[in-house]
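A.B. asks: Note that our numbering gives residue 1137 to position 196 of the sequence shown, counting from 1, and the numbers run on in steps of one.
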Amino acid sequence: MTGLLGHLRLFEPLPGILAWYDGRVPGYRLDPAPNWVDEGALSVGIAAYAIWGDGEALVYDTHVTTAHAERMRADLAARGVTRFRVVLSHWHRDHVAGTAVFADSPVIASVRTAAHLARHRAALEDGSFGTPPAIRPLILPTATFDGEMRIAVAGREVRLLTFDIHSDDATVLWLPRERLLLAGDTLEDPLTYVAEPEGLRRHVAELARMSALCPDRILPAHGDPGRIAAGGFGAGLIAATARYVGWLAELPGQPARASTPLAALLAGDIAAGHVVACDLYDEVHAENVAAVLQAAG
Ligand SMILES: [Zn+2]
């Protein structure tokens, strides 16, 4: 048996960047009963990040439980961090559940993220929002922005940029000097989870806008742990995501393509190293196909 944090791993993908990665462990669940922490987060693996130095840290997402967030805070405190700021990548539960641990600190999010959280707050807190567990208390952002916000963290320039990819409220972190993109769920390895099937064509256009950043390295919230630990993905992850989302967007017009094996769909991007093959995503892909066809009627 393992405890709540028994599979939590701490990576340092780049100097001054920490990743707390949990899940993507065969057979491991927190709870045998249906719950959102296992399904969609720990099942495929999830990382939250911090940029830290000089006694301060920018925490990018607060992980799936307050226990995870407490570990993040403790690991940063052990490195001398006393000043925390939080940025939320988007409003989905697996990215905001631990925010209460940083309730004494600024919590920054896009205007849309703040609105989504406020609208769903009661349901998220009372547990009526989908499967359990509830997030109680849900901490709302204390500062919002739209488009772009620039901040300095330990001498690094960090730009918070909004995108409409995966969810309409996404915030990514762009470090222009390092050419590093912390992508939240806008990019996922080996393929994106479709939460807003009606938005796929917008997502493709937004991925083109994102690719203009020309990142050298990308750290997604959900992806191969070995690749994340080793410094992340290349810009090919954006192109691979655009190809996959574009394929899904075309699917309603050519529904016979739905039976295309996922391995065939991703073969080129896997061979090129843009994404890493992962059997766990066969199920995610099947759900995506079903969601896209259903949304198209
Ligand atoms: Zn997520």
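Even glycine gets a Cβ: it sits at the ideal position worked out from N, Cα and C. Computed from a prediction, not measured in an experiment: that's the story for all the values here.
Hey, W1032 and T1054: beta-carbon distance below 9 Å or not?
C.D. replies: Yes. Within cutoff.
A.B. asks: Under the criterion of a Cβ to heavy atom distance below 8 Å, does H1163 qualify as lining ligand 1?
C.D. replies: Checking the Cβ of H1163 against ligand 1 gives yes.
A.B. asks: Whose beta carbon lies closer than 5 Å to any heavy atom of ligand 1, going through the chain in order?
C.D. replies: Spelled out in chain order, the answer is D1035, D1126.
A.B. asks: Are the CB atoms of A1180 and H1215 within a distance shorter than 9 Å?
C.D. replies: For H1215 and A1180, yes; Cβs fall inside 9 Å.
A.B. asks: Between which two residues does the alpha helix (DSSP H) holding L1141 run?
C.D. replies: Note, L1141: alpha helix (DSSP H), 1141-1152.
A.B. asks: Any contact between the segment 1017-1034 and the segment 1198-1218? By contact I mean 3 or more CB pairs, one from each, below 8 Å.
C.D. replies: Because the criterion of three Cβ pairs below 8 Å is not met, the segment 1017-1034 and the segment 1198-1218 do not touch.
A.B. asks: I need the boundaries of the beta strand (DSSP E) containing Y1134, first residue and last residue.
C.D. replies: Taken as a continuous stretch (DSSP letters only), Y1134 belongs to no beta strand (DSSP E), as it is neither H nor E.
A.B. asks: Report all residues from its chain with a CB closer than 8 Å to the CB of M942; omit the five preceding and five following residues, and keep chain order.
C.D. replies: Bear in mind that the predicted position of M942 carries a pLDDT of just 38, short of 50, making it unreliable; the figure below should be weighed with that in mind. Cβ within range, chain order: n/a, list empty.
A.B. asks: Excluding sequence positions up to five away, which residues of its chain have a Cβ less than 7 Å from the Cβ of A1190?
C.D. replies: Cβ neighbours of A1190 beyond the five flanking positions: L1141, R1142, V1145.
A.B. asks: Give the single residue among L1206, R1168, W1188, S1069 whose Cα lies nearest to the Cα of L955.
C.D. replies: Taking only the C-alpha atoms, the option nearest L955 is R1168.
A.B. asks: Roughly how many whole angstroms lie between the Cα atoms of Y990 and M1013?
C.D. replies: Rounded to the nearest angstrom, the two C-alpha atoms are 9 Å apart.
A.B. asks: Applying the criterion that 16 or more other CB atoms from any shown protein chain within 10 Å of the CB defines a buried residue, is E1139 buried or exposed?
C.D. replies: So E1139 counts as exposed.
A.B. asks: Just tell me which of A1231, L983, A1050, S984 has its CA closest to the CA of A1136.
C.D. replies: Cα-wise, what sits closest to A1136 is A1231.
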